[in-house]
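J.: Numbering (the working numbering), first residue to last: 10 to 356.
Here a beta-carbon is modelled for each residue, glycine too, at the ideal position from N, C-alpha and C.
1) Does DSSP classify residue 339 as helix, strand or coil?
2) Grouping DSSP H, G and I as helix and E and B as strand, with all else coil, what is residue 98?
3) Give the secondary structure of residue 178 by DSSP, where H, G and I count as helix, E and B as strand, and everything else as coil.
4) On the three-state DSSP scale, how would you describe residue 90?
5) Buried or exposed: which applies to residue 120, given that a residue is buried once 16 or more other Cβ atoms fall within 10 Å of its Cβ?
6) Have a look at 77, 316, 262 and flag the residue whose alpha-carbon is nearest the alpha-carbon of residue 291.
7) Sort out for me which residues DSSP pairs residue 283 with in a bridge.
8) Between which two residues does the alpha helix (DSSP H) carrying residue 136 extend?
9) For residue 266, is the classification buried or exposed, using 16 other Cβ atoms within 10 angstroms of its Cβ as the cut-off for buried?
10) Using the Cα positions of residue 279 and residue 345, report the straight-line distance between them to the nearest angstrom.
11) With residue 41 as the anchor, note down where its beta strand (DSSP E) starts and where it stops.
12) Near residue 31, what residues of its chain come up, given a Cβ to Cβ distance below 6 Å and the 5 sequence neighbours on each side ignored?
13) Enumerate in chain order the residues of its own chain whose CB-to-CB distance from residue 294 is below 8 Å, with the five nearest sequence positions on each side excluded.
14) Mapping the DSSP letters down to three states, classify residue 79 as helix, strand or coil.
15) Report the start-end ranges of each alpha helix (DSSP H) in the region 228-279 that is 4 residues or longer and not cut off at the edges.
16) Return the Cβ separation of residue 269 and residue 347 in integer angstroms, given the expectation that the two are a contact with Cβ distance under 8 Å.
17) Any idea what DSSP makes of residue 345, helix, strand or coil?
18) So, is residue 336 buried or exposed, given that buried needs 16 or more other C-beta atoms within 10 angstroms?
19) Leaving out five residues before and five after residue 318 in sequence, what residues of the same chain have Cβ atoms less than 8 Å from its Cβ?
20) By a C-beta neighbour count over all protein chains shown, 10 Å radius and 16 as the cutoff for buried, is residue 76 buried or exposed?
21) May I ask you to report which of helix, strand or coil DSSP gives residue 316?
22) If you draw a straight line from the C-alpha of residue 349 to the C-alpha of residue 163, how long is it?
23) With a 10 Å radius around its C-beta and 16 neighbouring C-beta atoms as the bar for buried, classify residue 283 as buried or exposed.
24) When you compare only the Cα positions, how much space is there between residue 48 and residue 60?
25) Among all the DSSP beta bridges, which residues are the ones paired with residue 205?
26) Alpha carbon to alpha carbon, how far is residue 190 from residue 256?
27) Grab me the residues of residue 150's own chain with a C-beta within less than 8 Å of its C-beta, minus the 5 sequence neighbours each way, in chain order.
28) Taking Cβ positions only, does residue 106 come closer than 9 Å to chain C?
29) Which residue wins for smallest C-alpha separation from residue 356, given the options 338, 331, 309, 303?
30) Could you check what DSSP says for residue 323 in three-state terms: helix, strand or coil?
31) In chain order, what residues of the same chain lie with their CB nearer than 7 Å to the CB of residue 322, ignoring the 5 residues before and after it?
32) Name, in chain order, the residues that DSSP records as bridge partners for residue 354.
Structure follows, in structure tokens:
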């Protein structure tokens, strides 16, 4: 009799535990440097001649459409292991204009997602900008603007660089989200010599983020981009004041989930037999509380499928790039994309 009662009680507890299991909705968002995603038209007042049919890269319509197809292949797969709709929204870098993004959005592999585009022409001397693509099924844009990064405030010889793209939106009708898409100045000329430029760029977004946090320290901020710095560099640890562990993140602060990746030798681009992790997505403390009605941070991912990896030559093992100097390499990008998954409890 006691055994029967014990068995019934055990079955009841197992059933109760099963029925009380929490269920979650999952969403993915990301960042991807699209590596010199130009159209083939020579634009006035922009240094884009090499990406024209007559330029040294012989950038023809055939190459352009091949590039579009390759990028669509990657974007169509990012995050689909977690959610069938893939990326709800994502930031991009190294795009020439709105047209190339709209062309990408209309590709047969992506057209069902109905991606919409946010883009502003900036002052970069090569004509490349940051951009933002979003699936209106998940995300509605409320506001956007372009934030100028004036490097002449650092050095009178500072050349025009990419603006930071700011987008405010509503995620699934519940969470107000503030997204900053960055492409900070490169290390060309030397890492140490150019570091002040990246610190200055970091300060532009940090000033805006601090103004949001002054109103509400739990504001949901996403600061993403090709930062041309690693997670442990001063631009990240000193200027943005990112922390490497969720439990260290205070109200109004920023959490960088990529530090552990980098310390383990995992990166998004390779150079001289070493990995760098420039493509980062930083989130604010408002994402870190699992016990909330809105979405919360789940996990960070680098999307680096085998088909995206160079198999031969001097770049073997690195991302299969589009260009090897002025030779078309028929790749995807010289950067792997990154993405983050977030969860929301289904009541």
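T.: The short version:
1) coil
2) strand
3) strand
4) coil
5) exposed
6) 262
7) 280
8) That residue, residue 136, is in no alpha helix (DSSP H); it is neither H nor E in DSSP.
9) buried
10) 10 Å
11) 32-46
12) 354
13) 226, 227, 258, 259, 260, 261, 262, 263, 264
14) helix
15) 268-272
16) Between residue 347 and residue 269 the Cβ distance is about 14 Å, and since that is not below 8 Å, they are no contact.
17) coil
18) exposed
19) 326, 327, 328, 329
20) buried
21) helix
22) 33 Å
23) exposed
24) 7 Å
25) Answer is none; residue 205 lacks a bridge partner.
26) 25 Å
27) 125, 127, 143, 176, 177, 178
28) Included in the structure is just one protein chain, with no chain C present.
29) 303
30) coil
31) none
32) 33
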